[in-house]
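Chains as they are written, first to last, in our numbering: chain A, 1032 to 1454; chain B, 1032 to 1454. The beta carbon of each residue, even a glycine, is placed where N, CA and C say it ideally should be. These numbers were taken from a predicted model, which means no experiment stands behind them.
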């Protein structure tokens, strides 16, 4: 693993190169064609693409409710209990995210307020194959349920050997209303525009490959989307009190996700940096997903040794990592220095995978530096707000001069006349 | 103005045709080229495009702070007072939108929480020419200020005769930190990627033409954006207690914005429908922006006469209008029936232009049916959330089995090992 010993400005330059996004126009065009064909041909297009991309002839996209029920009933007991614990903690955390509207009646004759209203229909994309993550179903569906969404449908690619049982069981546990076996950009198009079988939704959430991500970006505006997710990332801030083998294990836990994943350690201890780099080599050898993790570590990861704690935090705020561990003896003291991060893990026992599964906070997090402006997925993603006002005649009268002055300044005479029509 | 007397399903079909969005690939490509050139050539590209599209040679993009100060000082007194009133009411409303994070320490050994952190830098696009709207500057900048954004910069197209004085004055009043005279897709590219003069921002907000809207959509992901705004809309729900001349005036107030604006009256009174259509004809004749309003009324607007109040609300929720007036005698009674609308105006004296200027709620609202899933611009648009957790050794130990079971089910061995490395 690369170890840099540079000053802050040099390091900021280096990390900016790591975060360059690229747009592949070939993929953009393919996805656009797929979306247009689904709009035009509906289910027929979905069948053709399922045959072409997944190699599966799908007669009925809807997975029978009994399949979900059976998957849950036959799930191994330890997995059942793990999912139940995850559900309990995700629920208790996200309950705290609920927000209410307000009413302001402080001025006589004037009522102003805001309502919070749940979205009606939400679509959840869940990848198939080896990247089948039941935990992700809970992380997406539970906040939507808490928000009060009426209907949550899930799409997932058809598989020759049938859909992963743990995925179906998690869908049952999460209270998904319908599962459709369709994947890729065609599934996103179906959720956005609807087909004979799949009704259009108001928002699409969930992870996916580059085709899914590109399709989500293209249908944004027609429907809402959660985010355009990139490869996973972990940043660790540590001083010499941290254990090198634990840090190495945490860095590798994100590196194993994807060859393009990023693991970044920022420390003020050269000795720790060397020990972690060494531990990474040792632990890598014994990993089942060694090939993936190694590529991520070699091509996309680094250790930066900084002169002081101020520079460490400044660099990490520039990186704005998806996951951020603070591995100091007194981690809570440093929370106030974090400006940009999706989820923060404080101290030795808040190892990143704890947050992936059972701690309760969401694991759908902003990647690629977007924690600068984006939040973890939450209950607030599944509601919208509506303002309202009611004015008495006297209250409106008091504002006539201001309204008509502004309207006429902006060249909008009909605006002024609408107010004057009342008097 | 068209009057429909159809059943609910037929009307829903008709309104779905009104809301079809179209993508112009020629514009998409032009905008892409502009963005790439700004990334590559920075200020030089901005100068070339300003010359080409605005016909202005710009030597210095930054508008001197003294120009803003002078514009405010020399503003007519009535306009100053109108802007001050707007600022006061926008501020008092948006203060109510502030949200706090939370901490949950209900389980011994476990701390879980969420911080709310303001965005650091925000960019505001303000159109030039005849569509210079000082009110929009207040509506965008005040929520950002309340959220705690450190720096708000504004871009607006260069004008041969100099930038509109009311716009500069409003920028001063709103506390904009810097105004740059650059417009179009090139300005959006500069805000997203930065140039020698303009530092990149975290979020871009504000209205614009199709080039600006397309550019915002294309840079989404690199930065956050508020929304891809379409033409303005007004929906009115009214029974026979409403005054036809007032409804006509309100419908025209939105129709005068844009030839593609939509004005929609849904009522259960055929007599009211006829009276309003008649009033529209009369009032149109005397409007300065008659040509624009007439096109919007004839091509994009309608009156629907429904059988009952249930159908009226069902149709309006399908339309999901940007602005919605409820012109009944007891409007507040019906607020609970509204599922999809940007801003709701209750009763005779809540004429839509009141909300455009001084009532206080935001006038940046979801258009084109996106009120199904989008909210008015608010303080919540200028913050992001960050989760955090801290666990004791015992608390983590209690979760080891669940975490490692889930990690191994998902094929993520390094995740399991990171937890086990602690024990």
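Reducing DSSP to helix, strand and coil, say where residue 1182(B) ends up.
Here residue 1182(B) refers to the residue found at position 151 when the second chain is read from its first residue. In the structure shown, residue 1182(B) sits in a strand (DSSP, three-state: E or B).
Taking the straight line between their C-alpha atoms, what separation do you get for residue 1376(A) and residue 1175(B)?
Stepping through the first chain from its first residue, residue 1376(A) is reached at position 345. Stepping through the second chain from its first residue, residue 1175(B) is reached at position 144. About 29 angstroms.
Establish whether the CB of residue 1276(A) and some CB of chain B are separated by less than 8 angstroms.
By 1-based counting over the first chain, the position of residue 1276(A) is 245. True, the Cβ-Cβ gap to chain B drops below 8 angstroms.
So which residues of chain A does residue 1318(B) contact, with C-beta pairs closer than 7 angstroms?
In the second chain, residue 1318(B) corresponds to position 287, counting from 1. Those within 7 angstroms of residue 1318(B) in chain A are 1444, 1445.
Can you confirm whether residue 1388(A), when its beta carbon is compared against all beta carbons of chain B, has any partner nearer than 8 angstroms?
Sequence index remark: in the first chain, residue 1388(A) carries index 357 (1-based). Yes, residue 1388(A) lies at the interface with chain B (some Cβ there is under 8 angstroms from its Cβ).
Please list the partners that residue 1248(A) has in chain B, where partner means a Cβ-to-Cβ separation under 9 angstroms.
Residue numbering aside, residue 1248(A) sits at position 217 when the first chain is read from its first letter. By Cβ distance, chain B contributes 1248, 1251, 1252.
Under a CB-based cut-off of 8 angstroms, is residue 1095(A) close to chain B?
Translated into positions along the first chain, residue 1095(A) becomes position 64. Answer no: the Cβ-Cβ gap between residue 1095(A) and chain B never drops below 8 angstroms.
So for residue 1399(B), helix, strand or coil by DSSP?
Here residue 1399(B) refers to the residue found at position 368 when the second chain is read from its first residue. Residue 1399(B): coil per DSSP, three-state reduction.
One question on the structure: do residue 1311(A) and residue 1282(A) come within less than 8 angstroms of each other, judged by their Cβ atoms?
Residue numbering aside, residue 1311(A) sits at position 280 when the first chain is read from its first letter. Residue numbering aside, residue 1282(A) sits at position 251 when the first chain is read from its first letter. Yes, Cβ-Cβ distance for residue 1311(A) and residue 1282(A) is below 8 angstroms.
Mind listing, in chain order, the continuous alpha helix (DSSP H) runs of no fewer than 4 residues lying wholly within the region 1211-1257 of chain B?
Entirely contained in the region 1211-1257 of chain B, the alpha helix (DSSP H) runs reaching 4 residues are, in chain order, 1215-1224, 1241-1250.
Rounded to the nearest angstrom, how far is the Cβ of residue 1098(A) from that of residue 1222(A), given a contact under 8 angstroms?
Residue mapping note: residue 1098(A) aligns to position 67 of the first chain, counting from 1. Residue mapping note: residue 1222(A) aligns to position 191 of the first chain, counting from 1. Actually they are not in contact, since the Cβ atoms of residue 1098(A) and residue 1222(A) sit about 20 angstroms apart, beyond 8 angstroms.
Please classify residue 1158(A) as buried or exposed, where buried requires at least 16 other C-beta atoms within 10 Å of its C-beta.
Position 127 of the first chain, counting from 1, holds the residue named residue 1158(A). Classification for residue 1158(A): buried.
Quick one: is residue 1064(B) near chain A, going by C-beta distance under 8 angstroms?
Counting from one through the second chain, the residue named residue 1064(B) turns up at place 33. Closer than 8 angstroms: no.
Grouping DSSP H, G and I as helix and E and B as strand, with all else coil, what is residue 1389(A)?
For the purposes of this step, residue 1389(A) is taken as the residue at position 358 of the first chain. DSSP places residue 1389(A) in coil when its eight states are reduced to three.
Counting only Cβ-Cβ distances shorter than 8 angstroms, please list the residues of the region 1144-1158 of chain A near chain B, keeping chain order.
Flagged, chain order: 1145, 1146, 1148, 1150, 1151.
Below 8 angstroms between beta carbons is the criterion; list the residues of the region 1423-1441 of chain A that meet it against any residue of chain B, in chain order.
Correct list: 1423, 1424, 1426, 1427, 1430, 1432, 1433, 1434, 1436, 1437, 1438, 1440, 1441.
Which residue's Cα is closest to the Cα of residue 1210(A): 1091(A), 1110(A), 1243(A)?
Position 179 of the first chain holds residue 1210(A). Of the listed residues, the one whose Cα sits closest to residue 1210(A) is 1091(A).
Closer than 8 angstroms is the cut-off here; do at least three beta carbon pairs connect the region 1114-1124 of chain A with the region 1422-1438 of chain B?
Yes, the region 1114-1124 of chain A is in contact with the region 1422-1438 of chain B.
Rounded to whole angstroms, how far is the Cβ of residue 1349(A) from the Cβ of residue 1238(A), which I believe are closer than 8 angstroms?
Position 318 of the first chain, counting from 1, holds the residue named residue 1349(A). Position 207 of the first chain, counting from 1, holds the residue named residue 1238(A). No, residue 1349(A) and residue 1238(A) are not in contact; Cβ-Cβ is about 25 angstroms, not under 8 angstroms.
Would you mind working out which of 1347(A), 1233(A), 1452(A), 1071(A) sits nearest residue 1226(A), comparing C-alpha positions?
On the first chain, residue 1226(A) is found 195 positions in, with the first residue counted as 1. The option with the nearest alpha carbon to residue 1226(A) is 1071(A).
From the DSSP output, read off the bridge partner residues of residue 1330(B).
Working through the second chain from its first residue, we reach residue 1330(B) at position 299. DSSP output for residue 1330(B) lists no bridge partner at all.
Which of helix, strand or coil does DSSP assign to residue 1135(B)?
Counted from its first residue, the second chain places residue 1135(B) at position 104. Correct three-state label for residue 1135(B): strand.
Would you list the one or two residues that DSSP bridges to residue 1089(A)?
Position 58 of the first chain, counting from 1, holds the residue named residue 1089(A). None; residue 1089(A) has no bridge partner.
Where are the alpha helix (DSSP H) runs, 4 residues long or more, that stay fully inside the region 1253-1308 of chain B, in chain order?
Here the runs fully enclosed are 1275-1286.
With respect to the alpha helix (DSSP H) encompassing residue 1049(B), which residues constitute its N-terminal and C-terminal limits?
Residue numbering aside, residue 1049(B) sits at position 18 when the second chain is read from its first letter. Note, residue 1049(B): alpha helix (DSSP H), 1039-1049.
So, at 7 angstroms on beta carbons, what are the nonlocal neighbours of residue 1059(A) in its own chain, with the 5 sequence-adjacent residues on each side left out?
Reading the first chain from its first residue, position 28 is the one you call residue 1059(A). Answer for residue 1059(A): 1245, listed in chain order.
Please determine, among 1382(A), 1035(A), 1103(A), the residue with the shortest C-alpha to C-alpha distance to residue 1454(B).
Residue numbering aside, residue 1454(B) sits at position 423 when the second chain is read from its first letter. For residue 1454(B), the nearest C-alpha among the options comes from 1382(A).
Quick check on DSSP: helix, strand or coil for residue 1094(A)?
Translated into the one-based positions of the first chain, residue 1094(A) becomes position 63. Reduced to three states, the DSSP call for residue 1094(A) is coil.
Within a Cβ cutoff of 8 angstroms, which residues of the same chain sit near residue 1123(B), ignoring the five residues on either side of it in sequence?
The count along the second chain starts at 1 and reaches residue 1123(B) at position 92. The residues are 1391.
Find the nearest neighbour of residue 1384(B) within the set 1213(B), 1287(B), 1150(B), judged by alpha-carbon distance.
Position 353 of the second chain, counted from the start, is the residue given in the question as residue 1384(B). It is 1287(B).
By how many angstroms is the C-alpha of residue 1371(B) removed from the C-alpha of residue 1334(B)?
Sequence index remark: in the second chain, residue 1334(B) carries index 303 (1-based). Sequence index remark: in the second chain, residue 1371(B) carries index 340 (1-based). In a straight line, the C-alpha of residue 1334(B) is about 19 angstroms away from that of residue 1371(B).
Using a Cβ-Cβ cut-off of less than 8 angstroms, list which residues of the region 1114-1134 of chain A approach chain B; keep chain order.
Listed in sequence order: 1114, 1116, 1117, 1123, 1124, 1127, 1128, 1130, 1133.
Mind reading off the beta-carbon distance from residue 1268(B) to residue 1343(B)? Whole number of angstroms is fine, and I expect it under 8 angstroms.
As a position in the second chain, residue 1268(B) is number 237, starting the count at 1. As a position in the second chain, residue 1343(B) is number 312, starting the count at 1. Their Cβ separation, rounded to whole angstroms, is 5 angstroms, which keeps residue 1268(B) and residue 1343(B) in contact under 8 angstroms.
Please report the straight-line C-alpha distance between residue 1062(B) and residue 1136(B), rounded to a whole angstrom.
Position 31 of the second chain, counting from 1, holds the residue named residue 1062(B). Position 105 of the second chain, counting from 1, holds the residue named residue 1136(B). Taking the straight line joining both Cα atoms gives about 50 angstroms.
For residue 1152(A), write down the residues that DSSP places opposite it in a beta bridge.
As a working mapping, residue 1152(A) is identified with position 121 in the first chain. For residue 1152(A), which the question treats as bridged, DSSP gives the partners 1182(A).
Among residues of its own chain, excluding the 5 on either side of residue 1146(A), which ones have a beta-carbon nearer than 6 angstroms to its beta-carbon?
The residue you call residue 1146(A) lines up with position 115 of the first chain. Within the same chain, residue 1146(A) has close Cβ partners 1132, 1417.
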